[in-house]
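Residue numbers (the working numbering): 183 to 1854. No residue lacks a Cβ here, since even glycine has one placed at the ideal position from N, Cα and C.
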């Protein structure tokens, strides 16, 4: 974490504010000619402005340029300061967030420690209550450690809180600073947007200029190539002609010779040829016979062997397949049988397809033959055929075309049916002419063939006009007649209800109806859906007798819409009438027709009913407009009136196309979709069709109702622009002029007039019901002659046909005109004269006066001579046009001259006497300047050394639209102009970069001028200045050319920097002015190299100090590599490419699903073969849709390092080469700092600067690192001393040839080691290097591994740090006594390992009893049991044993009988994280009673460092009471032979009555020194083992004959008592010599000690006491 002081924040804010104020309020001296100085990091702005030049500022003075430079510099400086302030604000926010996270973690740690402390306090209280002192001591130690941690965490919390407050204060201060500059930030953003717009404009202008220059250059080069090609072709033709002449002469000379020789040899050759041919024929016959016999035999053998081998191979494959399938649990026999069936079906399918193709070819050939037959019949027939025969032939031809269409587009499953149908059809066509029963073959063909056409093919009618309104009306009429007949039969059966008998009614036939109705026809006109209409009907009896009337009903199609309210009036006399009412409630918007049927005594009669919807009835007052004759230039208008007599409004538009397209015949409403095809339109508009009346009649035949009902409903909803396959075949008979798409309709509607006749302003709109609109047509003749315009008035109503309108007019020409109405002077330059001729022609019969008028604005620049003249009859007149453009043309003629493009277009007038309309013509020219412009007015080379050259580039621009030759003349000898020595040609608006190379020969100030002269003798000067200097230091080489260096490799060059002795003239001053040829003083010089950014170049030393006469070695290193920005951009491109690929795959899948859904299922065909194919396809479809989709690269979330590595590898693989040049300046000081202040910075002179040019080519590396994220650094990080870590490093050969890898040896005494050998790898192969790091010291290590080949050297940096592990144990080592336990029970203790090091440390636990180095034979010496760990409290008088030396190699004692170790531990090893701890649990579990259980536990680290060594000890008993203490009487080795004497500390295994008492020896030694006697004290411990089922009964112990002991000076405390389970009681035995004690006398007595527990045990304790002068 980084903490910044408050002063830094305040000073940073001050820097930003003062910087802004300095930029905003810096005064500018208006009288100063020097440009505003820019900061060093913004000097590129001045270069950018200089390169743009006047292209961005057309009219700008010096002051304006300075102001723009200052504003731009201010903008970038403010942006830099604001970005720095934002970065500082983000850093502060990050610090605050990080501190808050630390505070949160600290408080969590405190909370956890408090909980642990509370838990430990509870455990301490519990252990105190249980009187477990060892546990209490351990828990108190842990409690103390926890309290220390808690205190440190609380202190850390306080520090973090203080630090957080400080950081929040700093963050607030930074936010206040950000608020202060909010307005300034907005201003900077606006300036940046303006700057970006300006740069975009500059880039666009520059690209346009470069494009024009390249185009002109290409034209010039093409012209040169054409010229050279023509010359070469001419030379080739001449050479070829000469060769042909020589060859012809040789042929003529050799012709006669050849003919003579030929005749002589021909006769001999003929004879020999005959004999040889006869012999060869015989030989060939015999040879062919033998070879045929041998080939036949060999082919038979080969076929037999091949068939046998194939059979064996197939059986083997089947057997293997069967075994593999059985292994997978699949029935192999069934699978093989299915495969065979599929192969059989496939073969049948292939045969079927071949047979289908052959039949299709035969059908087509037969159809073509029939077409030729029909044509021949038509040609030879003298008389035209009858209409019926023509219709039959045409129908047959159309049927053939229809069948051919379905042959090509239909599914393959129906091919056999098509062949059958065609055979039937051919039979019908052949016998159609000879049929005697008069059947129509077309109807027969439709009945038998069309029934098998798929339903999808009926989306369009086969014949034009089939679906027209007339056809529908005809069908409706037929339906009405059929319904009327049915209705007439019904009343006949019900006629018995009338008074008149039914026989009489049926037999009587009336000439007229018995009743008449008023109105005669019930008409509901212009009805609207949803409304109710009523009409009254009066029926009058017009018969001569009394009659009755009865309502029968209405027509079927009117039942749902019309109801009749009729009350039977009874008998009506003649002339009487009755009323009835008709109620009409329309539900559909369609025309309805029918009748109301009545019955009378005389017969049936009906009243017609007609219901019509709202319709448009449109008409115009005139369809022909004739303007008559008018003079050219006049304007005449006419109007026509469009009237709508209907009740329905509609949209109209005027269409000027001569033959409107079917879609353009109606105006499309915004919500309408046109569903009409061109076939419907051709039946309505006969003018656009090319068919005859007989053809229309033939195509208009009505098909049966069954076919019309089978049409799919999808055809009614067909989208505009979609054409079905059936309609495509029918469109062949329609002219192309009547077929157009919607796009073509929009294009055709765009022109509103043709030629001189134009339509008025009203060209489209809406006409309401019963309204009229006037439409205007304007005739303005511009060219003599007749003008015609035919247009249509189109309507959006589909039932309204377009109204054609014809317009005619004639234009009469004027007598005088200009032959060339547009005079083009091409490209002209300012201040140069151009001339042309104006020719005026007259067709008049008399002379006319003409006057040329020039616009007043152009009189300074243009003149016509003569101004007035007379043109004779039927002749011409010529005048001279002079054009001299001045510089003031843009001001004088602003309306005619475009100053930006230079185009001049001046309208001129010729006035003719007696002619109303003047003659106009136009003068056009493109005026361009002849200026050449430099991008700057002065070139400053600066300070240039006399040992080097300075180059400066200027851009010379040709502002003219014409090419200009130029040349720099009179250049001084120290200046060089390139290219082409300063001469060349500039194409129009071309900019050429010219290099000026300045090479001074003396140290002085240079001021000179270069003069650029053009071919028209115009001079353009360029001022130059420079200062030649002699630097005090010299470089041995000013140019360094590196060899081709691979990426990742480096190249090194060595040069020297010299400080030569100068031979100074004493008469001259030590320091000369700048630019004078004076010798620099001999003083020490400081130098410093300034490297460019991202140059991959390093210089050592980059800075230093040289004394006079010294020389410094300078090493320049070039390390090419890829830029981070390039790699990131490549990663983004790859990610974007993956996204696009995924989107494309998803789109393809979506389209495939849509196509699958749209595909209609194939109808099953008749026959067995047709039924097999659909099943086969259905079985194969799941296989095609089942491939597993590849994972989408966009969905795979890659880490940044993986994307970075892929992009880097991709760039390295595709990298070819890169060439870079850098110029490195070396700054030289004027001397050392002054002696008064050595800390002051030295002074640097600009003219003492040296320049080093570096040429750095980079090539593709041959080796590519593909592991470790592409980095050449292998960091092993921190490794424990003594532990070996292995890492792998993979390289790949990306070159095109094999590489032999080698490497230099690493330090043999170092920690790094290469474990595998290097080898030769072929192109594209990989090789993995195995590296090991095993530190031996606690320090950081770093080495470089060089992997070499003949192309490059790959440098790999190896880094690592050795760390000494710090691991402590809670047990310090030594004895760990588990005490007494019952046999076959266990007890455990925990050892805690704490890792205080900074790395993870591995450990392992070793046990001596399990060690392979343990001695055999039972000779172990266990010092633990012999007194090495004797408690001084128990034996204060006993000194150290003589066996207190080091423990033996193995301290393993008695083990279990089962063979398992009595001591076990968990875990046996592992790793401990930094700062963490690990618990090791040691368990003691004996299986038989013994007091000699012991072992040695060692905890080691992986580097074999011992953390602690613990001696384990324990005892097992079969009873709960035991006695511990006393002297050792036997060795602690168990033997198969029973011991002669029982161990003094061993518990009795049997009762006292059965076994002898257990002897115990206690030796007491009193010390005597300095006349004082110290009593001897020993302690014995009596313990009670806690059993697993806890026992409430306590154990007892008691001493016998205690009184006798007191007589001899022995005291035993306590003499008796009880011991609780799991506790121990200490018995203190004290001896003080009684009076009369003799020195060196041993007092001995024996006392029995009885222990009562689950069994009674008696110990015979022998007390021996003596006095010793010294304590042993």
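For residue i, does the count of other Cβ atoms within 10 angstroms reach 16, so buried, or fall short, so exposed?
i, result
"residue 779", "buried"
"residue 263", "buried"
"residue 343", "exposed"
"residue 1048", "exposed"
"residue 1367", "Unreliable placement is indicated for residue 1367, whose pLDDT of 39 sits below 50; no coordinate value is reported for it."
"residue 1553", "buried"
"residue 1416", "exposed"
"residue 329", "exposed"
"residue 1499", "exposed"
"residue 1206", "buried"
"residue 524", "exposed"
Rank the options by C-alpha distance to the C-alpha of residue i and give the top, closest one.
i, options, result
"residue 314", "1806, 1231 and 1839", "1806"
"residue 695", "717, 707 and 730", "730"
"residue 1082", "1811, 1109, 1090 and 1460", "1109"
"residue 992", "1152, 546 and 960", "960"
"residue 1032", "1017, 997 and 288", "997"
"residue 938", "560, 815 and 1264", "815"
"residue 294", "331, 308 and 832", "331"
"residue 1654", "1547, 1678, 1758 and 1552", "1547"
"residue 809", "725, 990 and 943", "990"
"residue 1044", "1052, 1050, 1035 and 1051", "1035"
"residue 820", "1291, 267, 1104 and 987", "987"
Name the DSSP beta bridge partners of residue i, please?
i, result
"residue 1044", "1065"
"residue 981", "Residue 981 is not bridged to any residue."
"residue 1053", "1030"
"residue 698", "722"
"residue 543", "The partner list for residue 543 (beta bridge, DSSP) is empty, contrary to what the question assumes."
"residue 1765", "1704 and 1806"
"residue 1846", "1745 and 1826"
What residue range is occupied by the uninterrupted beta strand (DSSP E) comprising residue i?
i, result
"residue 792", "786 to 795"
"residue 1743", "1740 to 1751"
Residue i lies in the alpha helix (DSSP H); which residues open and close that run?
i, result
"residue 377", "364 to 509"
"residue 156", "Only positions 183 to 1854 of the chain appear in this structure, which leaves residue 156 out of reach."
"residue 1894", "Outside the displayed range of the chain (183 to 1854) lies residue 1894, so it cannot be described from this structure."
Answer with yes or no whether the minimum CB distance from residue i to chain D is below 8 Å.
i, result
"residue 1707", "This model lacks chain D altogether, as it is built from one protein chain only."
Would you check if there are 3 or more beta carbon pairs closer than 8 Å linking the segment 779 to 797 to the segment 701 to 717?
-> Taking a cut-off of 8 Å for Cβ pairs, the segment 779 to 797 and the segment 701 to 717 touch, as three or more such pairs fall below it.
Is the segment 1508 to 1525 in contact with the segment 1461 to 1469, if contact means three or more CB pairs nearer than 8 Å?
-> By the criterion of at least three beta-carbon pairs nearer than 8 Å, the segment 1508 to 1525 is in contact with the segment 1461 to 1469.
Do the segment 416 to 426 and the segment 1164 to 1184 touch if we need at least three Cβ pairs shorter than 8 Å?
-> Of all C-beta pairs linking the segment 416 to 426 to the segment 1164 to 1184, fewer than three are shorter than 8 Å, placing the two stretches out of contact.
Taking one C-beta from the segment 1563 to 1577 and one from the segment 1697 to 1713 each time, how about it: are there three or more such pairs within less than 8 Å?
-> Cβ pair count under 8 Å is three or more, so yes.
Taking one C-beta from the segment 709 to 723 and one from the segment 797 to 811 each time, how about it: are there three or more such pairs within less than 8 Å?
-> Short answer: they don't touch.
Answer yes if the segment 1291 to 1309 comes into contact with the segment 1234 to 1244, meaning at least three C-beta pairs across the two stretches below 8 Å, and no otherwise.
-> Taking a cut-off of 8 Å for Cβ pairs, the segment 1234 to 1244 and the segment 1291 to 1309 touch, as three or more such pairs fall below it.
Do three or more CB pairs link the segment 1426 to 1438 to the segment 1479 to 1486 at distances below 8 Å?
-> Because the criterion of three Cβ pairs below 8 Å is not met, the segment 1426 to 1438 and the segment 1479 to 1486 do not touch.
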